[in-house]
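Numbering (this note's numbering), first residue to last: 41 to 338.
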């Protein structure tokens, strides 16, 4: 049942009526026994999973401090994490934690940072039935080398990866390491087989292509690049899409000069990354179908 009574409380006293289940044995008064559900990182650090723990408390006295300690004991947030204050009104929440929490998050790397915050935010939002949660440390936004968390956070949603069915139809026997198909000068039949869902540069001026990532969770970025002193420098983002999704196909055209390439494609999915330069082979030309391999990151 959604909370009706608005809550405004501190960590010591903010509890949700009905926040867990109690077990009664026999007719004697049992010791308090309340089960709560935590959302903790999975082994692959790419999603959260439920974990049930038992607290020696009455269900209606479980508070945000208890949840934080349980997450710390489970290794989901830094070990010395403690909540200094918490308030919630049934829709929005504010959690102020200690410096140990912020320091631990900042030192955990990109994946660890995301998973710790996701575990904390999702657990408290689920327990208190909140739409979002503002998280601070000693009253200030949490800052890491990757982000500044100065706005309310909604529960994290993790994209699960699957093979794009268009990729599978074009390259049914591709090895796992092949993460991208590029169709150069596609035929009418190939355009019907892989209709473009997005377009770059149109079809008239440059070299026609169809670009098809394998993983539905892939992030695809097309860069304009400069070549100086033997290396490429990314100059401008031409196209970008996070988590491309099922049946994604980037159509249009990309210039393949006979000299130094001027465009670079960067793809990152949950397991692989790759960079591809659009170049022209003056001797052999460019094949109709290119299968581009990635480098495994996990």
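A virtual CB, placed ideally from N, CA and C, is assigned to each residue, including glycine.
Check	Outcome
Thinking C-beta only, is residue 307 closer than 8 Å to residue 250?	no
Going by DSSP, name the residue or residues bridged to residue 296.	Residue 296 is not bridged to any residue.
Do the CB positions of residue 254 and residue 213 come within less than 8 Å of each other?	no
My assumption, with CB atoms under 8 Å, is that residue 247 sits in contact with residue 310. Please give the rounded CB distance.	Actually they do not touch by this definition, with Cβ atoms about 30 Å apart.
Let's test the definition: count the other Cβ atoms within 10 Å of the Cβ of residue 226 and tell me whether it reaches 16, buried, or not, exposed.	buried
Closest by CA to residue 163, which one among 79, 252 and 286?	79
Excluding five sequence neighbours on each side, which residues of the same chain lie with their C-beta closer than 7 Å to the C-beta of residue 119?	112
Of the choices 241, 69, 221 and 215, whose alpha-carbon is the least far from that of residue 316?	221
Taking contact to mean at least 3 C-beta pairs separated by less than 8 Å, is the region 176-186 in contact with the region 132-150?	yes
Do residue 295 and residue 218 have their C-beta atoms closer together than 8 Å?	no
Of the choices 279, 280 and 300, whose alpha-carbon is the least far from that of residue 269?	300
Skipping 5 residues on each side, what residues in its chain have a beta carbon closer than 8 Å to that of residue 153?	145, 146, 184, 186 and 187
Among 140, 105, 139 and 196, which residue has its Cα nearest to the Cα of residue 88?	196
Which class does residue 153 belong to by DSSP, given the choice of helix, strand or coil?	helix
Can the beta-carbon of residue 289 be found less than 8 Å from the beta-carbon of residue 256?	no
Give me the residue from 189, 194, 176 and 242 with the minimum Cα distance to residue 165.	194
Please determine if the region 83-100 and the region 135-142 are in contact, where contact requires at least 3 C-beta pairs separated by less than 8 Å.	no
Grab me the residues of residue 273's own chain with a C-beta within less than 7 Å of its C-beta, minus the 5 sequence neighbours each way, in chain order.	265 and 266
Along the beta strand (DSSP E) that carries residue 278, what are the first and last residues, could you check?	271-281
Output needed for residue 280: all residues of its chain with C-beta closer than 8 Å, excluding positions within five of it in sequence on either side, in chain order.	259, 260, 261 and 262
Between residue 233 and residue 209, is the Cβ-Cβ spacing less than 8 Å?	yes
Can you list, in chain order, the stretches of the alpha helix (DSSP H) that have 4 or more residues and sit fully within the region 61-95?	none
Just to confirm, are residue 151 and residue 85 a CB contact at a threshold of 8 Å?	yes
What residues are listed by DSSP as bridge partners for residue 333?	218
With which residues is residue 323 paired in a DSSP beta bridge?	Paired residue(s): none; residue 323 is not in a bridge.
Taking residue 336 as the reference, give the member of 314, 320 and 323 with the closest Cα.	314
Exposed or buried, which one is residue 235 when buried takes at least 16 other CB atoms within 10 Å?	exposed
So, with DSSP's three-state summary, where would you put residue 238?	strand
Going by other Cβ atoms of all chains shown within 10 Å of its Cβ, with 16 needed for buried, is residue 271 buried or exposed?	exposed
Cα separation between residue 123 and residue 160?	11 Å
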